[in-house]
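Heads up: the sequence shown is residues 44 to 189, going by the working numbering. By construction, the Cβ of each residue, glycine as well, lies at the ideal position given by its N, Cα and C atoms. Everything on this sheet refers to the single structure shown next.
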Amino acid sequence: MAKERGANADRLAYESRLYQEQLRSLVEQATSLDMMEVELTSAKVTLQNVGKGDDSLLVPIGSGIFVKSKREPKEKVLVSIGAGMIVEKEIDGAITLIDEKIKENHSLKETVQKNMEAVSKKLESIEGETNRILEEMNKNVRTSQE
């Protein structure tokens, strides 16, 4: 019986490590989705402000470096549609596309959050079962010493 409890404790410890790793992965996904939302919101605000004020822009080229540029009079922007493809869109169309991506991002965040909650509950269950087994093992050790 003691060997069986020990084996169960080992199995639970292994499962706990797996769920902890899964939870860490889900937290990383949630963080990435949060960063994506900030980027999308920033792009949306920038597009909404294009055309207000003068025609000068600062264009990021990477590593915190910007190039001063002038906006062309037409109200179109270039939008990546994936797989290295870029299309020209009206600003309103680009904003609509960003809004769709924000909605999709929210949906993904909800799914990740639900998965995090499920994994957390499973970890709590494993912890409770592990504590119960350890208490039984300690109780048996005390009674055998008496």
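- Sequence-distant Cβ neighbours of V162 in its own chain, meaning closer than 6 Å and more than five residues away, are Y62, Q65, L66.
- With respect to the 8 Å criterion, I145 and L83 are classified as neighbours on the basis of their beta carbons.
- Beta-bridge annotation (DSSP): G105 is paired with I108.
- The C-beta distance from N148 to E80 rounds to 5 Å, short enough to meet the 8 Å contact threshold.
- DSSP places G125 inside the beta strand (DSSP E), whose first and last residues are 119-125.
- Looking at the DSSP output, V130 sits in a beta bridge with V122.
- Nearest C-alpha to G136 among K152, L151, A126, K119: K119.
- Distances from the alpha-carbon of I138 to those of L90, G105, D98 put L90 closest.
- Around the beta carbon of V102, a 10 Å sphere encloses fewer than 16 other beta carbons of the protein chains shown; the residue is thus reported as exposed.
- Collapsing the DSSP output to three states places K113 in a strand.
- Taking every protein chain shown into account, the CB of I141 has 16 or more other CB atoms within 10 angstroms, so this residue is buried.
- Distance check between A56 and each of T173, E153, E133, I108 places T173 closest, using alpha-carbon atoms only.
- Under DSSP, L100 forms a beta bridge with S112.
- Here L177 is exposed: its Cβ has fewer than 16 other Cβ atoms, across all protein chains shown, within 10 Å.
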